[in-house]
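So the mapping is simple: my numbering equals the position in the sequence shown, first residue as 1, plus 261. Glycine included, every Cβ here is placed at the ideal spot set by N, Cα and C. To start, the structure under review is shown below, and the notes come after it.
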Amino acid sequence: MYLFAAGGGKFKGKDYGTWCAEQEVHKLYSINGEGQQVLNYNHPHLKLVADSGGHIFNKGSDGINPLGHERESDPPDPKKYLEEVFIPWVYKFKDISCTIFELDIYGHLPIDTIDGVFRELSSIKGKFQFVRCFHPLGIDGDYSLRTLKKWVSEGQDYIAISNSSDTCYHDIFKITTPNNVRLHGLALTGTSVLSKYPFFSADSSNALVTPFKSGTVVLDSGKNISIGAALDERSLNYILYRDFESRLVQSIKMFKEAEGFYTRLWESRGIIWK
């Protein structure tokens, strides 16, 4: 499977995507504020995702910034964001080899509008793949999965889902797996999910957030100890800043190791995605 590192920022003058690429970790950027990074991405041997930025419309949404999670300001007007931000960026990305997730703000925009945008943007000739995002209650108003079944019957072979589907993961995979439909987990990298269901890909900000807010700190020796233990030995300033680079690299490496673990796990169960 493929794990994509979400989040952004620069550290020592180097974009977070470059830090990830040095450890062979795939990258996800949000069109909300990170569109230029998609255009500048220059690691063709790795996979790239451009997320719609739809999470900013969620009530109480957390946004990802260089310091991890921080409360977003009030979201923009949905129609204005669609027409002035999302659609123009997609056209700019048309010659970039990447995956673009649709603007899945069901409840903020009419379903007919989102469907129409999908038809328009997926018809663009280019190097990207435009992917639908399924949220059962937001689209169908229930857990019948009728829209998912429709998308599969229409030939959609790569679909994103989130924890809004957590009560029906089993039924979703019963529909998608026999039809060789790949599923992406939006912000889904928990072991309880990825070890139980054969996702093709998933994304998370964990590799970026962990060095700032994890319960452990990596010392210069490479040893992991609890923040409590570190406080007995060193200052808080050391924990948060002095050793940040080594902790960031270690966190990204662990993210890559997780990708390998889940890939091998599902290969041992007979699931091999290409």
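Proximity winner among the options, relative to residue i (alpha-carbon distances)
i, options, result
"G269", "L364, I292 and S529", "I292"
"S507", "E363, I375, P397 and A468", "A468"
"G368", "L398, T452 and S358", "L398"
"A266", "L307, P339 and K457", "L307"
"K273", "F505, G521 and D427", "F505"
"E344", "L309, E381 and C359", "E381"
"T438", "H396, S405, Y419 and S453", "Y419"
"D373", "K517, I348 and I400", "I400"
"P336", "S414, Y263 and I366", "I366"
"P464", "A311, K271 and V378", "Inspection of the sequence shows that residue 464 is occupied by Asp rather than by Pro. Ranking the options by Cα distance to D464, first place goes to A311."
"V378", "V442, R407, F347 and Y290", "F347"
"V442", "E415, L455, V454 and S456", "E415"
"Y440", "S456, H316, W412 and T452", "For clarity, residue 440 is Asn in the given sequence; the question names Tyr instead. Of S456, H316, W412 and T452, the residue nearest in Cα terms is W412."
"C359", "L406, S383, N319 and K341", "S383"
"K514", "Y263, M262 and V286", "V286"
"N319", "H396, L509 and Y263", "H396"
"Y290", "K341, W350, E283 and L526", "W350"
"L526", "K517, K535, K484 and S456", "S456"
"K340", "I317, L406 and L370", "L370"
Simplified DSSP state of residue i, which is helix, strand or coil
i, result
"G268", "coil"
"V310", "strand"
"K535", "coil"
"S512", "helix"
"K288", "strand"
"G274", "coil"
"G446", "strand"
"S462", "strand"
"Y523", "helix"
Local Cβ density within 10 Å of residue i, reported as buried at 16 or more and exposed below that
i, result
"K410", "exposed"
"Q417", "buried"
"Q511", "buried"
"R393", "buried"
"Y523", "buried"
"K288", "buried"
"I375", "buried"
"L497", "Model confidence at L497 stands at a pLDDT of 48, short of 50, so the residue's coordinates are unreliable; what they give is reported in the following sentence. The residue in question, L497, is exposed, as its Cβ has fewer than 16 Cβ neighbours within 10 Å."
"I361", "buried"
"D338", "exposed"
"T428", "exposed"
"T450", "buried"
"I533", "exposed"
"K474", "Below a pLDDT of 50, predicted positions are generally treated as unreliable, and K474, at 49, falls in that range; the measurement from the model is reported next regardless. Exposed, since its Cβ has fewer than 16 Cβ neighbours within 10 Å."
"G242", "This structure cannot settle anything about residue 242, because the visible part of the chain is limited to 262 through 535."
"G314", "buried"
"E363", "buried"
"K271", "exposed"
"Y404", "exposed"
"E520", "buried"
"S466", "buried"
C-beta neighbour in chain D for residue i, strict 8 Å
i, result
"Q297", "This model lacks chain D altogether; it includes just one protein chain."
Open item on the list: For the structure I just gave you, are there three or more beta carbon pairs, one from the region 443-457 and one from the region 413-423, closer than 8 Å?
Closed with: yes
Task: Segments assigned beta strand (DSSP E), at least 3 residues, entirely inside the region 390-434 - done: 390-395 and 419-422
TODO: Would you check if the region 289-305 and the region 270-280 touch, i.e. whether three or more CB-CB distances between them fall below 8 Å?
DONE: yes
Open item on the list: Quick test of the definition: if touching needs 3 or more C-beta pairs under 8 Å, does the region 385-392 touch the region 344-355?
Closed with: yes
Open item on the list: Quick check on the DSSP output: what are the complete alpha helix (DSSP H) runs of length 4 or more inside the region 336-381, in order along the chain?
Closed with: 339-342 and 348-353
Task: At least 3 beta-carbon pairs within less than 8 Å: the region 425-438 vs the region 454-464 - done: yes
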